[in-house]
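Student: Here you go, one structure.
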Amino acid sequence: MDRLLLLLVVAALAAAVAHLLQRRRPDAPVRTGWTVPEQIDRDDFARPEAPWLVAVFTSESCDACAAVAATAAPLASDAVEVQVVEYGEHRDVHDRYGIDAVPLVVIADAVGVVRADHVGPVSATHLWGSLAQVREPGSNPDGCGVV
Numbered sequence: 001m002d003r004l005l006l007l008l009v010v011a012a013l014a015a016a017v018a019h020l021l022q023r024r025r026p027d028a029p030v031r032t033g034w035t036v037p038e039q040i041d042r043d044d045f046a047r048p049e050a051p052w053l054v055a056v057f058t059s060e061s062c063d064a065c066a067a068v069a070a071t072a073a074p075l076a077s078d079a080v081e082v083q084v085v086e087y088g089e090h091r092d093v094h095d096r097y098g099i100d101a102v103p104l105v106v107i108a109d110a111v112g113v114v115r116a117d118h119v120g121p122v123s124a125t126h127l128w129g130s131l132a133q134v135r136e137p138g139s140n141p142d143g144c145g146v147v
């Protein structure tokens with residue numbers, strides 16, 4: 001009789017533990033990166049008729065953003081529109097594309113497909129190399145380290 005009572009107590013405890021474990025909420029998903037849009041509407045940016053857009057998403061509170069914007073500025077030409085999209089002035093654009101990290105540079109083609117991106121500080125070499133590569137694939141030497 002004692003063994004039967006002990007068996008019932010152990011079974012009840014096991015059932016209670018199993019029930020508690022099933023009710024436990026799963027861990028939150030681990031963030032593996034930042035949101036970078038794959039497609040943009042060129043009408044949301046200046047000169048939508050330009051074949052290429054370099055959009056620099058920034059925020060006034062970002063220490064690295066001004067340097068990235070200054071690094072991107074010389075890329076501007078008749079074929080390339082460079083636009084700084086500051087959060088305070090263009091919050092709607094940041095929200096529309098789910099921008100959650102700045103500085104973010106996206107290079108988009110004439111129809112708005114994002115062909116290259118850089119999250120965080122980026123060198124002029126990498127920006128120039130990325131733009132050259134998307135405009136003329138294969139133009140960067142192997143091992144250059146750009147998209």
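Under our numbering, the sequence shown has 61 at position 61, and the numbering climbs by one with no breaks.
Yeah, the Cβ is synthetic: ideal placement off N, Cα and C, and Gly gets one too.
What you are looking at is a predicted structure, and each value in this text was computed from that prediction instead of being measured.
Need the endpoints of the alpha helix (DSSP H) that Val159 sits in, please.
Tutor: No answer is possible for residue 159: the residues shown for the chain start at 1 and end at 147.
Student: Helix, strand or coil for Val122, going by three-state DSSP, please let me know.
Tutor: By 1-based counting over the sequence shown, the position of residue 122 is 122. Note: Val122 maps to coil in three-state DSSP.
Student: For the putative contact between Ala110 and Pro51, defined by C-beta atoms under 8 Å, what is the C-beta separation to the nearest angstrom?
Tutor: As a working mapping, residue 110 is identified with position 110 in the sequence shown. As a working mapping, residue 51 is identified with position 51 in the sequence shown. That belief holds up - the Cβ atoms of Ala110 and Pro51 are roughly 5 Å apart, short of 8 Å.
Student: Please report the Cβ distance between Asp100 and Thr35, rounded to the nearest whole angstrom; I am assuming they are in contact, meaning their Cβ atoms lie under 8 Å.
Tutor: For this step, residue 100 is matched to residue 100 along the sequence shown. For this step, residue 35 is matched to residue 35 along the sequence shown. Confirmed, Cβ separation roughly 5 Å.
Student: Under a Cβ-count criterion, where at least 16 other Cβ atoms within 10 Å of its own Cβ denotes burial, should Gly129 be classed as buried or exposed?
Tutor: Stepping through the sequence shown from its first residue, residue 129 is reached at position 129. Its Cβ being crowded by 16 or more others within 10 Å, Gly129 is buried.
Student: Once you ignore the five residues that flank Leu124 on each side, which residues in its own chain have a CB closer than 8 Å to its CB?
Tutor: Indexing the sequence shown from 1 puts residue 124 at position 124. Note on identity: in this sequence residue 124 is Ala, with Leu being the wrong assignment. Only Thr71 and Pro74 meet the Cβ criterion.
Student: Can you tell me which of the three DSSP states Arg96 falls into?
Tutor: Taking the first residue of the sequence shown as position 1, residue 96 is located at position 96. Residue state, collapsed to three classes: helix.
Student: Under 8 Å: do the region 77 to 93 and the region 53 to 68 share three or more Cβ pairs, one atom per stretch?
Tutor: Counting Cβ pairs under 8 Å, three or more are found: they touch.
Student: Using only the alpha-carbon positions, how far apart do Val105 and Arg23 sit?
Tutor: Here residue 105 refers to the residue found at position 105 of the sequence shown. Here residue 23 refers to the residue found at position 23 of the sequence shown. The straight-line gap from Cα to Cα measures roughly 43 Å.
Student: Spatial neighbours of Asp117 within its chain, please: CB distance less than 6 Å, with the 5 preceding and 5 following residues excluded, ordered by chain position.
Tutor: To locate residue 117, count along the sequence shown from 1; it is residue 117. Val36 and Val106, listed in sequence order.
Student: Alpha carbon to alpha carbon, how far is Ala67 from Val30?
Tutor: To locate residue 67, count along the sequence shown from 1; it is residue 67. To locate residue 30, count along the sequence shown from 1; it is residue 30. So the alpha carbons of these two residues sit roughly 30 Å apart.
Student: Going straight from the alpha carbon of Val113 to that of Leu131, what length do you get?
Tutor: To locate residue 113, count along the sequence shown from 1; it is residue 113. To locate residue 131, count along the sequence shown from 1; it is residue 131. The alpha-carbon atoms of Val113 and Leu131 are separated by roughly 13 Å.
Student: For the putative contact between Val93 and Cys62, defined by C-beta atoms under 8 Å, what is the C-beta separation to the nearest angstrom?
Tutor: Taking the first residue of the sequence shown as 1, we reach residue 93 at position 93. Taking the first residue of the sequence shown as 1, we reach residue 62 at position 62. Between Cys62 and Val93 the Cβ distance is about 16 Å, and since that is not below 8 Å, they are no contact.
Student: Kindly indicate which residue of Leu8, Glu49, Ala18 and Gly138 has the alpha-carbon position closest to the one of Ser77.
Tutor: The sequence position of residue 77 within the sequence shown is 77, counting from 1. When each option's Cα is compared against that of Ser77, the closest is Glu49.
Student: Report, in whole angstroms, the separation of the C-beta atoms of Pro121 and Ala64, which I expect to be a contact under 8 Å.
Tutor: What you label residue 121 is simply residue 121 of the sequence shown in a count that begins at 1. What you label residue 64 is simply residue 64 of the sequence shown in a count that begins at 1. With a Cβ gap of about 5 Å, Pro121 and Ala64 count as contacting.
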